[in-house]
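Numbering (this note's numbering), first residue to last: 2 to 206.
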């Protein structure tokens with residue numbers, strides 16, 4: 002192969018690899034049916050599994066998390082006029098969510114969709130203000146959420162969002178101008194924000 006052609010081929014390959022790198026480093030794209038609209042989800046069955054990841058946890062606080070999340074979720078659904086047929090928030094001992102069982106329960110209840118949400122709460126050391134002159138590292142609690150929205154009638158996946166998306170959040174409100182002024186959100190504030198982000202994808206703002 003002539004040197005010029007070889008150089009051109011290498012240049013094209015380099016551009017393709019760079020483009021792939023940008024995609025891999027970005028937020029995972031959600032899987033979404035072309036005709037899916039959040040306003041279609043109005044009588045769902047909502048199942049949430051909340052588990053603890055690495056960290057030092059107070060047992061009483063950990064046991065309270067599912068109940069606190071469920072309370073915030075019910076309040077947010079009511080505020081959006083979404084008449085959920087059933088809402089369950091389970092702990093880590095209950096096992097992973099099972100789609101066939103969820104669909105069977107949704108049909109039994111007359112729900113239009115089954116919404117399955119997996120949440121992992123972990124204590125981490127995170128870097129904040131990474132793109133500023135005052136980047137800093139601090140302890141934080143990471144809430145990582147993934148979800149699937151299944152149509153009850155036929156089990157079709159209408160929406161799927163993987164972990165590592167904009168549903169994830171840290172409980173630190175970073176002040177990039179004055180890092181010492183950064184604050185930790187309360188558990189209640191963090192749960193409210195987690196619920197808001199999740200429902201924004203599923204049923205709309």
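Glycine included, each C-beta is placed from N, C-alpha and C at the ideal position.
Computed from a predicted model, the values in this text were never measured in an experiment.
| Check | Outcome |
| --- | --- |
| Which first and last residues belong to the beta strand (DSSP E) in which residue 110 is found? | No beta strand (DSSP E) holds residue 110; the alpha helix (DSSP H) holding it covers 100 to 110. |
| If you follow the alpha helix (DSSP H) that residue 91 is in, where does it begin and where does it stop? | Not the alpha helix (DSSP H): residue 91 falls in the beta strand (DSSP E), residues 87 to 91. |
| What is the DSSP secondary structure of residue 42, reduced to helix, strand or coil? | coil |
| What does DSSP give as the partner residues of residue 115 in its beta bridges? | 46, 151 |
| Where residue 45 and residue 131 are concerned, what is the direct C-alpha to C-alpha distance, given to the nearest angstrom? | 39 Å |
| Pick out whichever of 101, 137, 90, 109 has its Cα sitting closest to the Cα of residue 192. | 90 |
| Taking the alpha carbon of residue 168 as the reference point, which residue from 153, 128, 200, 50 has its own alpha carbon closest? | 200 |
| Please state if the CB of residue 117 and the CB of residue 48 are separated by a distance shorter than 7 Å. | yes |
| Is DSSP giving residue 197 helix, strand or coil here? | helix |
| May I ask you to verify whether the region 70 to 79 touches the region 122 to 137, counting CB pairs closer than 8 Å and requiring at least 3? | no |
| Using DSSP bridges, identify the partner residues of residue 170. | 144 |
| Expressed to the nearest angstrom, what Euclidean distance is found between the alpha-carbon atoms of residue 178 and residue 129? | 11 Å |
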